[in-house]
Amino acid sequence: MNEIILEILFIAVLILINGLFSMTEIAVVSARRVRLAGAAAAGDAGAEAAVAIQEKPERFLSTVQIGITLVGVLSGAFGGALLADEIAEVVSIVPAFASYAQPIGFGVIIVIITFFSLVIGELVPKNIALNRPEKIASLFSRPMNTISWITSPVVWVLSQSTALVLKIFRIREASDAAITEDEIKAHIAHGTEIGVLEKTEQELIESVIRLDDRQVTAIMTSRMKIMWLDLDDDTETNRRKLIDSPYSRLPVGRGTLDNIIGIVKSRDLLSHVLVGGELQIENVLKQPVFVPETLTALELLETFRKSHTLTAMVIDEFGGVVGIVTMNDVLEAIVGDLPTSQTSDARVVMRDDGSMLLDGELLADDFQKLLDLSDFPGDEHGTYQTVAGFVLARLEKLPVEGEKFEWEGYVFEVIDMDGRRIDKVLASRIPEATPE
Numbered sequence: 022m023n024e025i026i027l028e029i030l031f032i033a034v035l036i037l038i039n040g041l042f043s044m045t046e047i048a049v050v051s052a053r054r055v056r057l058a059g060a061a062a063a064g065d066a067g068a069e070a071a072v073a074i075q076e077k078p079e080r081f082l083s084t085v086q087i088g089i090t091l092v093g094v095l096s097g098a099f100g101g102a103l104l105a106d107e108i109a110e111v112v113s114i115v116p117a118f119a120s121y122a123q124p125i126g127f128g129v130i131i132v133i134i135t136f137f138s139l140v141i142g143e144l145v146p147k148n149i150a151l152n153r154p155e156k157i158a159s160l161f162s163r164p165m166n167t168i169s170w171i172t173s174p175v176v177w178v179l180s181q182s183t184a185l186v187l188k189i190f191r192i193r194e195a196s197d198a199a200i201t202e203d204e205i206k207a208h209i210a211h212g213t214e215i216g217v218l219e220k221t222e223q224e225l226i227e228s229v230i231r232l233d234d235r236q237v238t239a240i241m242t243s244r245m246k247i248m249w250l251d252l253d254d255d256t257e258t259n260r261r262k263l264i265d266s267p268y269s270r271l272p273v274g275r276g277t278l279d280n281i282i283g284i285v286k287s288r289d290l291l292s293h294v295l296v297g298g299e300l301q302i303e304n305v306l307k308q309p310v311f312v313p314e315t316l317t318a319l320e321l322l323e324t325f326r327k328s329h330t331l332t333a334m335v336i337d338e339f340g341g342v343v344g345i346v347t348m349n350d351v352l353e354a355i356v357g358d359l360p361t362s363q364t365s366d367a368r369v370v371m372r373d374d375g376s377m378l379l380d381g382e383l384l385a386d387d388f389q390k391l392l393d394l395s396d397f398p399g400d401e402h403g404t405y406q407t408v409a410g411f412v413l414a415r416l417e418k419l420p421v422e423g424e425k426f427e428w429e430g431y432v433f434e435v436i437d438m439d440g441r442r443i444d445k446v447l448a449s450r451i452p453e454a455t456p457e
């Protein structure tokens, strides 16, 4: 009886050891390196060991495999022999099964050991590791390093053999794959789901990430809407423009908008006049900053930082001015419309009938989120940046007021044209047909 108890204990210990190896392996592989690095920086030696293992996992994985394989061999060689004999004696009592008693005994033991090996030695430990990967990895990484040191000769042989086989089959060692933008967004969304981030924080982070995907033309004020001062105009005309302008900074040119010579601050002009000076715009001009229309919003932000300015003129490949962009435009691309002294219509007006009145300059990606659409036709090539560009891409011509088209379950109608510029577009859901 004592021998049977020892055999049961021996099998139980092997299963538990197998479970520890499996749990540690899954924990180290699935643990987030950022959290481990943070714990290591705070002085957690176990987390530091786990980070080191993640950086070079080959030795660790070989050690785990040696342990699991050794446990399996011992279980198969010594596990359950006495128990199988005991079960065979019980089975042999039945005359019909007497001749098969030994195979039946071994079969029953194999089923029992396999069941407990799967549940206690694999499934339960792995689920524990997946639920608390960082904690488990920190707890067992240092003991695993000790085992790795003890088994280092065997580990070295296995590592070299593995490398040789990979070399024969011309399989290169995988390098660390770059984290994609979609993976970052997925992690951020998961952080919001579990309560680590607020929804507003998620939206702000995603908006910052999108800055590098947005061209400066998507956030600038277009050429047609630029208010500017012409030095060829008389003083009274420019004074009236300054009074009527809602902007604190205005571009200054001579004769044409393509001949911009500086940027003037209304505050500087006012200070100059208040101390007794005349309205001499040339005396308070700041050197203009020009950026190409191919620049991204993120690159524009870096330009503003280096040039210590908040306003830039956007030019095309021929040197013509296509728009003006400010730091306020960059901030609006991140947080949405900001309140200003300029009174303007909302970019999106939700109507009582469920339709939406859209400003032609509403950004395409904001419009895309509003309609909950995966993509726009042609948008992957960057052919347009706004709702107006979307309408032009669909119609392939300059529309007239009242012109309509259908797309993705919506009817789009051009409500207002400002010259050749699409000012307002009405988007209405196409009602579903009711079965007769």
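Read the sequence shown against the numbering used here and you will find it ends at 457, with the numbers running on by one and no gaps. Glycine included, each C-beta is placed from N, C-alpha and C at the ideal position.
Assignment of G283 by DSSP, reduced to helix, strand and coil, places it in the strand class. R54 has its alpha-carbon roughly 19 Å from the corresponding atom of L218. For E314, the secondary structure class from DSSP, reduced to helix, strand or coil, is coil. Shown here for D279: same chain residues with a beta carbon closer than 8 Å to its own, the five before and five after excluded, namely G340, G341, V342 in chain order. Around the CB of E46, 16 or more other CB atoms lie within 10 Å, so the residue is classed as buried.
DSSP, reduced to helix, strand and coil, places E429 outside both helices and strands of the structure shown, so it counts as coil. Taking every protein chain shown into account, the CB of D350 has 16 or more other CB atoms within 10 angstroms, so this residue is buried. The alpha-carbon separation between F325 and L225 amounts to approximately 20 Å.
Exclusion of the five residues before and after V175 leaves I87 as the residues of its chain whose Cβ lies within less than 7 Å of its Cβ. By the 16-neighbour rule on beta-carbons within 10 angstroms, M334 is buried. The three-state reading of DSSP puts R244 in helix, counting H, G and I together.
Residue range 342-347 is occupied by the beta strand (DSSP E) that includes T347.
Considered as a whole, the segment 54-111 harbours 54-62, 66-76, 79-99 as its complete alpha helix (DSSP H) runs of no fewer than 4 residues, in chain order. A contact is defined here as three or more CB-CB pairs under 8 Å, and the segment 403-420 meets this definition with respect to the segment 368-385.
Taking a contact to require three or more Cβ pairs closer than 8 Å, the segment 244-258 and the segment 443-454 do not qualify as touching. Taking C-beta separations shorter than 6 Å and ignoring five residues to either side along the sequence, the partners of T242 in its chain run G344, I345, following chain order. When DSSP states are grouped into helix, strand and coil, K445 belongs to the strand group.
Straight-line measurement puts the Cα of E429 at about 43 Å from the Cα of R56. Apart from the 5 residues on each side of it in sequence, I108 sits with its Cβ closer than 6 Å to the Cβ of G126, V129 in its chain, given in chain order.
A check of alpha carbon separations from S83 across I171, L352, V237 identifies I171 as the nearest. The DSSP-derived three-state label of P272 is strand. Rounded to whole angstroms, the gap between the alpha carbons of L391 and F433 is 14 Å. Here the C-alpha atom of E427 lies approximately 21 Å from the C-alpha atom of D373. Beta-bridge partners assigned by DSSP to R450: Y431.
Here DSSP, grouped into helix, strand and coil, assigns A409 to helix.
Between the alpha carbons of D393 and M371 lies a distance of about 15 Å. At a Cβ-Cβ threshold of 7 Å, I25 and F137 do not count as neighbours. Taking 8 Å as the upper bound for CB-CB distance, G40 and I141 are in contact here, some 6 Å apart. Classified as exposed, E417 has fewer than 16 neighbouring CB atoms from the shown chains inside 10 Å of its CB. Put simply, the backbone Cα of V94 is about 40 Å away from that of A62.
Apart from the 5 residues on each side of it in sequence, M44 sits with its Cβ closer than 7 Å to the Cβ of P146, K147, I149, A150, I157 in its chain, given in chain order. For T330, same chain residues with a beta-carbon under 7 Å away, outside a window of 5 residues either side, are V310 in chain order.
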